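To start, the structure itself, in structure tokens.
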Amino acid sequence: MCNQRADRTFAAIAAHDRGEISLWDMPYEWDVLLTCGGSSWFVHHDILCRESDWFRERLPPKDRNGGYVTFDCSDLPREQLAHALFYLYNKTAALAPARLTTALEGDAIRRCVFLYICGACVSIASLMDAALEQLDEAAFVLASFFAQTPRATLETLDLSRLTSPLHFALHMVYEQQQQQQQGGGGSGSGGSSSGGSGGGGGSLAMFRLRAAVAHLLDATLLWLVLNGPFRDGAFALRWVPWLYPNIVSDSVWFRRHGVLDALWALHERRFGLVPGGKEKEEEKEGDEEGLPRRAAESRRRLSSGAGGSRARKKKKTSKEKEGEK
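Be aware that the sequence shown starts at -8, since it is given in the working numbering, and climbs by one per residue.
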């Protein structure tokens, strides 16, 4: 009987993976009753464990008699757990791609941060990676948008659709950090803090998110404060009292430890362009004017470490020799 149940569960999961049925909508052959507060889900042991390290380490073994096991997750935030379970079954997180035409729509950033925290809640690496990828794209798109916007326009532009969701997203990030430093857990990663103030404290999962957010702010915050209505209104009244000290603390820590330099270098290697539409140095020489200083320094270190400048010089010399012939 137990083997027959295992075979049926295996077949149901295989059909779900092929898209023939949805075990999220109709949980055939479920073998785990998951509870969290007043909510419960009928789920599958194998689906939870194949992508979530948190469930893999904590779920009890399957029932030997072909029944189900009960597992309580009341220590986790219910909404975060629900979104994480939805992702495990549907492999989609509704992450909207960043585009210049929607650069000032900050809801996408807020959702990226929230879904990353949901993934960190039960250690789903693929969900966290997808959210970080979208945050990196948002940093590039915003920096490009601001670099191409005339200063006079930027000073009076309505940025509320960007800054209000961004304010909410930053609150989520720093509240998670604060909970971990106070020993309150958060993100399903244990409660202890491994460092002091700034980016060094908290779990590795939240370290990655704070680094990505610090990079996003490094690319955009100076542009944002050029905007008079934001600078004199929301920034002065809502950001400065609590958010801004956290922003500065993380920025200093990640810059001092070279994390922002590394993220700028990866940023440029991934997108091939720097904010403002300038070509990369490998494709067009002498274009570092106007490039953010940290990005330019990272690029020079990469080039010198890989011997890139010598390769370009050698290629140029060979062309000159061909011309002389």
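We treat Cβ as the ideally placed atom computed from N, Cα and C, and that holds for glycine. Source: prediction; values computed, not measured.
CA-to-CA, the gap between Y80 and H36 works out to about 12 Å.
Inter-residue distance for A143 and W233 is about 29 Å (C-alpha atoms, whole angstroms). In the DSSP assignment, the residues bridged to C27 are S30.
The C-beta of S13 has fewer than 16 other C-beta atoms within 10 Å across all chains shown, which makes the residue exposed. Considered as a whole, the region 36 to 77 harbours 60 to 63 as its complete beta strand (DSSP E) runs of no fewer than 3 residues, in chain order. Distance from the CA of A203 to the CA of S65, rounded to the nearest whole angstrom, comes to 29 Å. About 7 Å separates the beta carbons of A89 and Q125, which is inside the 8 Å limit, making them a contact pair. The way I'd put it, the region 72 to 79 does touch the region 107 to 123; three or more beta-carbon pairs between them come closer than 8 Å. Within its own chain, the residues whose Cβ lies closer than 6 Å to the Cβ of A122, once the five positions on either side in sequence are excluded, are C103, L106 and Y107, listed in chain order. Residue burial is scored here from C-beta neighbours: T26 has fewer than 16 other C-beta atoms within 10 angstroms and is therefore classed as exposed. By the Cβ criterion, the region 154 to 169 is in contact with the region 221 to 232, since at least three pairs of Cβ atoms, one from each stretch, lie closer than 8 Å. I115 carries a strand assignment under DSSP once its states are collapsed to helix, strand and coil. In the structure shown, T211 adopts helical secondary structure according to DSSP, grouped into three states.
When the beta-carbon positions are compared, W214 and L145 come within less than 8 Å of each other.
One Cα belongs to P141, the other to W45, and the distance between them is close to 48 Å. Taking 8 Å as the cut-off, the Cβ atoms of V23 and L39 count as close.
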